[in-house]
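Asks: Using numbering that gives the first Met the number 0, the first residue of the sequence shown is number 0, and each one after it goes up by one.
In this text, a Cβ means the ideal position worked out from N, Cα and C, and glycines have one as well.
Just dropping this structure here.
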Amino acid sequence: MILCLPLSLYYQTGHLHNFISSILICLLGGGLLLFAARNMDLTVNKREGYLIVVLAWLTLWVSCALPYYISGEIGSITDIFFETMSGLTTTGATIINDIEALPRDILFWRSFTQWLGGMGIIVLTVALLPLLGIGGIELFVAEAPGPTSEKLHPRIKDTAKALWFIYLGFTLLLWFLLWWNGMDWFDGINHALTTMATGGFSTKNASIAYYSPQIQYITAVFMLLAGVNYSLHYLALRGKFKTVFKSDELRSYFYMVSVLTLIITVAVFQVTDITIEKAFRDSLFQIASIITTTGFVTADYTSWDPSITAVFFLLLFMGACAGSTAGGIKMIRHTVLFKNSILEFKRLLHPRAMIRLKLNGRIVPPRVLTHILVFFLLYIGTFIFGTIIVIIAGEDLLTAAGAVATSISNVGPGIGEVGPVNNFATMNGFTKWFLSLIMLIGRLELFTVFIIFTPYFWKNS
């Protein structure tokens, strides 16, 4: 929040005291908790790690809402908490009809919450605040996006630091490129923050469609980079390109983007009167935006053709690579499930053969495969249950399905009344609170939240 103070002074928004008040409240609350825990055992086991992550995100939800509440820029408590959760979970769904009317310090805070949520505030804490004296690995595993958390260094805080330095470096590079290609410095930093977070908050009502084709191409490239496992970015920076290109998930990710871009480009060119270049640009951008769960918009894909809309709806469940800032099911889970399904046919023909599933040349343990299958079941079950609840709350089937799918996958735009040119402002209060919870469940990969509601979690043994 301190970063917002210079903007409040420079642009004379009148919110300087509001941010100072928010800062003092956070310092007071944090200080009291730290004082209360001064003589406690700070050893963290795996069970406590899951609980800490959930409680930390709920605490963040409240503290990050303070600038909105104290400034009065967003009207109701429901809308404040919806916008805050959408930011922290990098969903990008919004209830604000006129984004450009917001003061610049509030716009920056809105974007910055996404940047923090992108890699995860817990990873940031483990990396930069070792003075807390708590064990970090339990928090990192519960927080890091994806089914696995590959350690780049033996010490967990060094791993977190490596991830954050890469994250920061990409953000600064994108900021420079956007500014160099005509975006002003303020819009540039906001879009750099939300692009690398795969969040999708924009400073313009028209989103990235407001800007030039060059900026759209640059943003598309960096969205795709943000969707790559950060461990692979680290290895690439170390010159280990051979290891990077061996990644089955990375190949699946770029194959899918390439093939879908080609197919959608041809389809869009046939059903619209735009040029082939614009059809390619819009197709590439929207596929990159949805598959990486960023949610930026350059075109209304629901207006192209019903079959194309169906493809984009399915992409809401896809997700980019594990270990990236993207939401969704993740490409690695789809890859494992697809490979195992193909092998199952082979097993039927050769029932006595020992046919093992391999990923990146290594055998996938049965426990991991079971974990992925259960994740799929929970994901689809949560989507179906959530859709039914939203329908009961008063929305039509198309809108309910689109809203729940985009919330659990942390994408932003969906289909129906929450499509790429609409927002969530017209939904009733209950639906907004419910979708906020769905966003959190999706951001923390389902298990982290659901596990604390099981009886096994609370047993001592």
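What's the C-alpha gap between alanine 64 and methionine 438?
Replies: Whole-angstrom Cα-Cα distance: 16 Å.
Asks: Rounding to the nearest angstrom, what Cα-Cα distance links leucine 173 and leucine 347 in this structure?
Replies: Near 50 Å, if we compare the C-alpha coordinates of leucine 347 and leucine 173.
Asks: With DSSP run on the structure shown, which of helix, strand or coil describes arginine 463?
Replies: The question about residue 463 has no answer here: the residues shown for the chain are numbered 0 through 460.
Asks: Specify the secondary structure class of leucine 356 as computed by DSSP and reduced to three states.
Replies: Residue state, collapsed to three classes: coil.
Asks: Quick check on DSSP: helix, strand or coil for arginine 237?
Replies: If DSSP states are grouped into helix, strand and coil, arginine 237 belongs with coil.
Asks: By the three-class DSSP mapping on this structure, what secondary structure does arginine 442 have?
Replies: Helix.
Asks: Evaluate the contact criterion for the region 357-368 versus the region 399-406: three or more CB pairs, one atom per stretch, below 8 Å.
Replies: No contact exists between the region 357-368 and the region 399-406.
Asks: Going by CA-CA distance only, name the one from Ala325, Trp163 and Ala298 that's closest to alanine 278.
Replies: Considering only alpha carbons, the answer is Ala298.
Asks: Which word fits phenylalanine 423, buried or exposed, when buried means at least 16 other C-beta atoms lie within 10 angstroms of its C-beta?
Replies: Classification for phenylalanine 423: buried.
Asks: Label glutamate 99 either buried or exposed according to how many other C-beta atoms from any shown protein chain fall within 10 Å of its C-beta, with 16 as the threshold for buried.
Replies: Burial call: exposed.
Asks: Return the chain-ordered list of same chain residues with a C-beta closer than 7 Å to the C-beta of asparagine 189, the five sequence neighbours on each side being excluded.
Replies: So the qualifying residues of the chain are Leu106, Phe107, Ser110 and Thr202.
Asks: Whether or not the region 316-327 and the region 336-356 are in contact is what I'm after, with contact meaning three or more pairs of Cβ atoms, one per stretch, closer than 8 Å; do they touch?
Replies: No: fewer than three Cβ pairs fall under 8 Å.
Asks: By Cβ distance, which residues of its chain are closer than 7 Å to asparagine 17, with the 5 residues on each side in sequence left out?
Replies: Taken in chain order, the residues that qualify are Pro66, Ile69 and Ser70.
Asks: Taking all protein chains shown into account, do 16 or more other C-beta atoms lie within 10 angstroms of the C-beta of proline 365, making it buried, or fewer, making it exposed?
Replies: Flag for proline 365 reads exposed.
Asks: Count the C-beta pairs between the region 160-170 and the region 220-233 that are closer than 8 Å, then say yes if the count reaches three, no if not.
Replies: The region 160-170, when compared against the region 220-233, does touch it at the 8 Å Cβ threshold.
Asks: With three or more C-beta pairs closer than 8 Å as the rule, is the region 242-262 touching the region 271-288?
Replies: Enough Cβ pairs lie closer than 8 Å, so yes.
Asks: Who are the Cβ neighbours of asparagine 180 in its own chain at under 8 Å, not counting the five residues just before and after it?
Replies: So the qualifying residues of the chain are Ser211, Gln213, Ile214 and Ile217.
Asks: If I'm right that alanine 198 touches threonine 89 with Cβ under 8 Å, what's the distance once you round it to whole angstroms?
Replies: What sits at residue 198 in the sequence shown is glycine, not alanine. Between threonine 89 and glycine 198 the Cβ distance is about 4 Å, and since that is below 8 Å, they are a contact.
Asks: Taking C-beta to C-beta, are leucine 8 and leucine 15 nearer than 8 Å?
Replies: Yes. Within cutoff.
Asks: Decide if the region 409-416 is in contact with the region 48-57; the criterion is three or more beta carbon pairs, one per stretch, under 8 Å apart.
Replies: They do not touch, by the three-pair rule.
Asks: So what's arginine 504 in DSSP terms, helix, strand or just coil?
Replies: The question about residue 504 has no answer, for the chain in this structure spans 0 to 460.
Asks: What do you get for leucine 128, buried or exposed, if any count of 16 or more other CB atoms within 10 angstroms of its CB means buried?
Replies: Residue placement at leucine 128 is flagged as unreliable, the pLDDT there being 46, under the threshold of 50; the coordinate-derived value follows with that caveat. Looking at its Cβ environment, which holds fewer than 16 other Cβ atoms inside 10 Å, leucine 128 is exposed.
Asks: Exposed or buried, what is methionine 317 when buried is set at 16 or more other beta-carbons lying within 10 Å of its beta-carbon?
Replies: Buried is the call here.
Asks: Name the DSSP bridge partner or partners of arginine 361?
Replies: BP columns for arginine 361 point to Leu358.
Asks: May I have the straight-line CA-CA distance separating alanine 461 from serine 75, to the nearest angstrom?
Replies: Because the chain spans 0 through 460 in this model, residue 461 falls outside it and cannot be assessed.
Asks: Do threonine 291 and leucine 223 have their C-beta atoms within less than 8 Å of each other?
Replies: Contact flag set, yes.
Asks: Within this structure, are the beta carbons of tyrosine 300 and proline 419 separated by less than 8 Å?
Replies: Yes, they are a contact pair.
Asks: Between glycine 187 and the rest of its own chain, which residues show a CB-CB distance below 7 Å, the 5 nearest in sequence each way excluded?
Replies: Closer than 7 Å at Cβ, skipping near neighbours: Trp174, Leu177 and Trp178.
Asks: Determine the contact status of isoleucine 440 and isoleucine 407, defining contact as a CB-CB distance below 8 Å.
Replies: Yes. Within cutoff.
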